[in-house]
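For reference, the structure is listed below as structure tokens.
In my numbering, the protein residues as written are 18 to 351.
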């Protein structure tokens, strides 16, 4: 498995040297041109960064495992809303007015690296949610642990938002929302979760967008005791997902389809009553010291995300939380 901590994207001038020679001069010229123009348009800046990401990302991603859907997953509901490509490597979940669809891994894990490529519903997707998440159970049980990516659809021409959340023992309310620096409906992008006993990191194309730290003590906020399955689903959430429920799903545009490929996992597969790998995880790259913290280059990427893409952070919502949750005092930089 390719360790994402050894190859990260950093958005600055010096790292243009990491591009292939035939591309570097083009991006350097473009960067200097934008500098001279003082980057008047913030959208131009975001598009430029997206171009850098596309070039750099392709230079370091190693081939990932490509087991068939049947090797890894089971359908949770509405099998008739699930399709695969002829070779079984691309998977499609669809939503119509009758129902959506979902799948889950056959195995559950405690700690590891979990990654999938998704292409989201294009066009007018208001009210539609594609969820990609880890959970201790199939269902919203009262004591579940959960790690969420939720992709919130929008009206045509408006950006998707990503909502992430963390639950422990059934308690969530730890939402963050981000914009993206690309259109997630045009191509596949990789969404990953790093989970060890020290931190949970949500990645988009190997760029850390959210860091959730553990304080190393017994607590009620960091999920580290229960194994989880990985799930994905598409469903109608027009009561809250788009502008707080003001924008409703346009069923004339159904079916809405989310597309998947290249599931990759490098984790501690759970075995009852207690797998050996959980007690020896420091042998795995995802629970060695360098994976307990962001690297220097990841910190630069993360700082850029914090400055430019964060829409909502529960740790800054003092109206909702007059006394901030204890985990909000933990630094993602440590």
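Backbone N, C-alpha and C fix where the C-beta goes; we use that ideal spot for every residue, glycine too. This structure is a prediction, so every number in the text was calculated from the model and none was measured.
Look at residue 262 here: in three-state DSSP terms it is helix. Closest in C-alpha terms to residue 317, from the list 238, 223 and 178, comes 223. Nearest to residue 270 by alpha-carbon distance, out of 123, 138, 134 and 283, is 138. The way I'd put it, the segment 147 to 163 doesn't touch the segment 278 to 298; fewer than three beta-carbon pairs between them come closer than 8 Å. In the three-state reduction of the DSSP assignment, residue 167 falls in the strand class, which pools E and B. With at least 16 other beta carbons inside 10 angstroms of its own, residue 198 counts as buried. For the pair residue 129 and residue 321, the CB atoms are not nearer than the 9 Å cut-off. Burial state of residue 140 is exposed, judged by a 10 Å Cβ sphere holding fewer than 16 other Cβ atoms. In the three-state DSSP reduction, residue 86 falls in the helix class (H, G or I). Pairwise C-beta distances place the segment 152 to 162 out of contact with the segment 296 to 314, as fewer than three of them are shorter than 8 Å. Burial is judged here by how many other beta carbons sit within 10 angstroms of a residue's own beta carbon; residue 232 has fewer than 16 and is exposed. Taking the C-beta atoms as reference points, residue 183 is found no nearer than 9 Å to residue 349.
Secondary structure at residue 209: strand, using DSSP grouped into helix, strand and coil. Residue pairing of residue 134 in beta bridges, as defined by DSSP: 207 and 278.
Counting along the chain, residue 193 sits inside no alpha helix (DSSP H); it lies in the beta strand (DSSP E) bounded by residues 193 to 195. By the neighbour-count criterion, in which 16 or more other beta carbons inside 10 Å mark a residue as buried, residue 115 falls on the exposed side.
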